[in-house]
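To keep things clear, I will list the structure first and then write my remarks on it.
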Amino acid sequence: MPSDLGIIEEAVDIVARHCLACGMSPRTARFRLRVALCEALSNAIVYGNDLHADKRADVTVVVDDHTAAVRVTDEGDGFDPDQVADPTTPDRLEIDAGRGLFLIRQLVDEVSFNDRGNSICMILNLD
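FYI, the working numbering numbers position 47 of the sequence shown as 37, with every residue one higher than the one before it.
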């Protein structure tokens, strides 16, 4: 998808509908998946692609009998997710950075990144 924050909601709707059709529970699809995917796409567009309209964010979803794997990849240089500070510590409560990644980690069952740091894979259990 193009780096356009205005179409995130539509992209998330499409993915959520397909995951529901593949057996994901309504609660998981409508809440956990939607919020995590919205955060991942926002981060990819804003931080990865620097809002450059000529760059894209790719979304890939693979659903099997037990899990849904959702991957978001941007065209940026990447980052080291281990260097993102915990936004819940008292000294960081009023700083916006890191909240999206924190939410993702709380909402999905597994999170991983590629070595470059420009692709996040979020696993949600269907059971």
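The beta carbon of each residue, even a glycine, is placed where N, CA and C say it ideally should be.
If I measure Cβ to Cβ from Gly107 and keep anything under 7 Å in the same chain, skipping five residues before and after, which residues do I get? Gly68, Phe69, Asp70 and Pro71
Who are the near neighbours of Asp48 in its chain, counting only those whose CB is closer than 6 Å to its CB and skipping five residues on each side? Thr63
I need the straight-line Cα distance from Asp138 to Cys12, nearest angstrom please. The structure shown does not extend to residue 138, since the chain is modelled only from -9 to 117, so the question has no answer here.
Going by alpha carbons, who is nearest to Lys45 out of Glu65, Leu97 and Val101? Glu65
So, at 8 Å on beta carbons, what are the nonlocal neighbours of Ala30 in its own chain, with the 5 sequence-adjacent residues on each side left out? Val60, Val62, Gly90, Ile94, Ile110 and Met112
Would you list the residues sitting across from Cys12 in a DSSP beta bridge? Paired residues: none, contrary to the question.
Since Glu29 is in the alpha helix (DSSP H), which residue starts that stretch and which ends it? Arg24 to Asn33
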